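Student: Below is the structure I would like to discuss, written out as structure tokens.
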Ligand SMILES: NC(=O)c1ccc[n+]([C@@H]2O[C@H](COP(=O)([O-])OP(=O)(O)OC[C@H]3O[C@@H](n4cnc5c(N)ncnc54)[C@H](OP(=O)(O)O)[C@@H]3O)[C@@H](O)[C@H]2O)c1
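In this note's numbering, the protein residues as written are 3 to 298.
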């Protein structure tokens with residue numbers, strides 16, 4: 003069965019491509035950074051006619067749409083580009099997915115919520131406070147309005163053991179700084195549900211196998227502040243926690259606003275899936291094993 007992944011060079015998509023090759027003919031879509039796993043296929047999702055060609059060539063039974071402009075501040079300062087990739091790109095993917103009668107998994111985000119309440123359930127009212135969240139919510143609507151069989155999988159602060167698409171993720175950045183004995187300032191006043199990429203991959207593969215439809219919060223199971231997350235990373239990897247200095251979000255000047263508490267309630271996924279959202283301590287232990295595996 004043919005599986006097309008968009009964003010297969012990214013933090014999440016690269017791990018999905020790696021694991022999915024065991025059971026599927028994987029086509030790994032990328033734009034600039036060639037992916038390490040699957041059959042690489044280059045395209046810009048905002049190029050309507052190219053997406054038509056890609057679907058003709060690949061003829062996917064399943065599409066996982068993970069490609070996006072994920073830089074939240076860049077989305078704020080370059081709204082045109084964010085709209086082009088996150089909304090128009092998704093429009094192209096959903097049209098072809100429908101025409102192909104394929105099953106679609108769309109990877110979305112906790113940033114569709116405003117962050118005033120936290121512990122969001124799938125049916126809670128989205129209300130994005132930055133342009134990235136706005137475009138991802140528009141894309142969710144395109145998926146719902148166009149595709150017959152879809153799953154919208156919302157994640158939150160994805161992290162993992164290896165750099166991807168030319169950049170390190172938050173957890174690897176913390177690890178690198180602490181290993182160099184450098185101090186880092188981390189905010190104590192933002193909470194979310196950090197998601198280990200390989201945990202998200204296992205949950206996505208189950209969604210595909212069982213053709214689960216609707217919206218699912220497939221994030222990590224633990225609500226945690228950025229600061230406490232960094233402290234747990236230090237503890238898990240036996241590094242010096244004292245190098246992590248607490249700070250407030252008001253000390254930083256980002257272009258895009260961040261939700262205060264965009265943590266996701268994962269009860270639906272816990273009840274439905276065999277591959278459950280992991281608690282943060284389990285996920286960091288898993289990441290530790292993966293870091294050592296990839297070093298060897
Ligand atoms: N990272 C997070 O904390 C987080 C949290 C919640 C939800 N999400 C969602 O999860 C998904 C995966 O995120 P990620 O962090 O794995 O992404 P990422 O590492 O930033 O990678 C982005 C991917 O999108 C591709 N891409 C970007 N523009 C493209 C274009 N115009 N045409 C085709 N491909 C394009 C990139 O390809 P090239 O590198 O080859 O250009 C890359 O493979 C995204 O939809 C994101 O919105 C992410």
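We put the CB at the ideal spot given by N, CA and C, even for glycine.
All values reported here derive from a predicted model rather than from experimental measurement.
Would you say the beta carbon of residue 223 is closer than 6 Å to some non-hydrogen atom of ligand 1?
Tutor: In the chain shown, counting from the first residue as 1, residue 223 sits at position 221. No.
Student: In terms of alpha-carbon separation, which member of 37, 33 and 61 lies closest to residue 48?
Tutor: As a first step, residue 48 must be located in the chain shown, where it is residue number 46. When only C-alpha atoms are compared, the closest one is 33.
Student: From residue 290 to residue 255, what distance separates their C-alpha atoms?
Tutor: Working through the chain shown from its first residue, we reach residue 290 at position 288. Working through the chain shown from its first residue, we reach residue 255 at position 253. For residue 290 and residue 255, the distance between alpha carbons rounds to 32 Å.
Student: Which residues does DSSP pair with residue 247 in a beta bridge?
Tutor: Counting from one through the chain shown, the residue named residue 247 turns up at place 245. Partner(s): 187.
Student: With distance defined between alpha-carbon atoms, name the residue in 216, 246, 111 and 265 nearest to residue 274.
Tutor: As a first step, residue 274 is located in the chain shown; it is residue number 272 there, counting from the start. Measuring from the Cα of residue 274, the nearest candidate turns out to be 216.
Student: Pop quiz: residue 251 and residue 191 are said to be a contact at Cβ under 8 Å. What is the actual Cβ separation, rounded to whole angstroms?
Tutor: Against the chain shown, residue 251 aligns to sequence position 249. Against the chain shown, residue 191 aligns to sequence position 189. Indeed, because the Cβ distance is near 5 Å, the residues count as touching under 8 Å.
Student: Please state whether the Cβ-Cβ distance between residue 200 and residue 296 is less than 7 Å.
Tutor: Within the chain shown, the letter at position 198 stands for residue 200. Within the chain shown, the letter at position 294 stands for residue 296. Cβ atoms of residue 200 and residue 296: not closer than 7 Å.
Student: Taking only the alpha-carbon atoms, compute the straight-line gap between residue 65 and residue 155 and give it to the nearest angstrom.
Tutor: In the chain shown, the residue the question calls residue 65 occupies position 63. In the chain shown, the residue the question calls residue 155 occupies position 153. Between residue 65 and residue 155, the C-alpha separation is close to 13 Å.
Student: From 80, 56, 28 and 124, pick the residue whose C-alpha is nearest to that of residue 258; which is it?
Tutor: Counting from 1 along the chain shown, the entry for residue 258 is found at position 256. Shortest Cα-Cα distance from residue 258 to any of 80, 56, 28 and 124 involves 80.
Student: Taking three-plus beta-carbon pairs below 8 Å as touching, is the region 197-212 in contact with the region 14-23?
Tutor: Contact between the region 197-212 and the region 14-23 is present, because at least three Cβ pairs lie under 8 Å.
Student: Would the region 234-248 and the region 102-110 be scored as touching if the rule is three or more Cβ pairs under 8 Å?
Tutor: no
Student: DSSP state of residue 288, grouped into three classes?
Tutor: For this step, residue 288 is matched to residue 286 along the chain shown. Here residue 288 carries a helix assignment [DSSP, helix/strand/coil].
Student: Which whole runs of the alpha helix (DSSP H) in the region 157-210 are 4 residues long or more, in chain order?
Tutor: 172-181
Student: Indicate whether the contact test is met: 3 or more Cβ pairs, each with one atom in the region 137-157 and one in the region 95-102, closer than 8 Å.
Tutor: yes
Student: Considering only heavy atoms of ligand 1, does any lie closer than 6 Å to the CB of residue 12?
Tutor: As a first step, residue 12 is located in the chain shown; it is residue number 10 there, counting from the start. For ligand 1, at least one heavy atom lies less than 6 Å from the Cβ of residue 12.
Student: I'd like to know if residue 147 contacts chain E, where contact means its C-beta is closer than 7 Å to some C-beta of that chain.
Tutor: Absence of chain E from the displayed structure is noted, only one protein chain being present.
Student: How long is the line joining the alpha carbons of residue 61 and residue 4, rounded to whole angstroms?
Tutor: Here residue 61 is taken as the residue at index 59 of the chain shown, counted from 1. Here residue 4 is taken as the residue at index 2 of the chain shown, counted from 1. Roughly 7 Å between the two C-alpha positions.
Student: Would residue 88 be called buried (16 or more neighbouring beta carbons within 10 Å of its own) or exposed?
Tutor: Start at 1 with the first residue of the chain shown, and residue 88 comes out as number 86. Counting Cβ neighbours within 10 Å, residue 88 comes out buried, since at least 16 surround it.
Student: Going by the beta-carbon positions, is the gap between residue 25 and residue 123 smaller than 7 Å?
Tutor: In the chain shown, the residue the question calls residue 25 occupies position 23. In the chain shown, the residue the question calls residue 123 occupies position 121. No.
Student: In or out: residue 325 buried (at least 16 other Cβ within 10 Å) or exposed?
Tutor: Residue 325 falls outside the range modelled here, since the chain spans only 3 to 298, and no answer is possible.
Student: Please classify residue 17 as buried or exposed, where buried requires at least 16 neighbouring CB atoms within 10 angstroms.
Tutor: Sequence index remark: in the chain shown, residue 17 carries index 15 (1-based). Answer is buried; the Cβ neighbour count reaches 16.
Student: Quick check on the burial criterion: 16 or more other C-beta atoms within 10 angstroms. Buried or exposed for residue 228?
Tutor: The residue given as residue 228 occupies position 226 in the chain shown. Buried, since its Cβ has 16 or more Cβ neighbours within 10 Å.
Student: In the DSSP assignment, find the alpha helix (DSSP H) that holds residue 51 and state where it starts and stops.
Tutor: Here residue 51 refers to the residue found at position 49 of the chain shown. Taken as a continuous stretch (DSSP letters only), the alpha helix (DSSP H) holding residue 51 covers 50-60.
Student: Does the structure place the region 7-14 close enough to the region 63-77 that three or more beta carbon pairs sit under 8 Å?
Tutor: yes
Student: Taking 6 Å as the cut-off, is the beta-carbon of residue 22 closer than that to any non-hydrogen atom of ligand 1?
Tutor: Position 20 of the chain shown, counting from 1, holds the residue named residue 22. Every heavy atom of ligand 1 is 6 Å or more from the Cβ of residue 22, so no.
Student: Quickly, what does DSSP pair residue 217 with across the bridge? List them, please.
Tutor: The residue you call residue 217 lines up with position 215 of the chain shown. DSSP, once it has assigned bridges, lists 154 as partnering residue 217.
Student: Does the beta-carbon of residue 178 have 16 or more other beta-carbons within 10 angstroms, so that it is buried, or is it exposed?
Tutor: Numbered from its first residue, the chain shown carries residue 178 at position 176. Exposed, since its Cβ has fewer than 16 Cβ neighbours within 10 Å.
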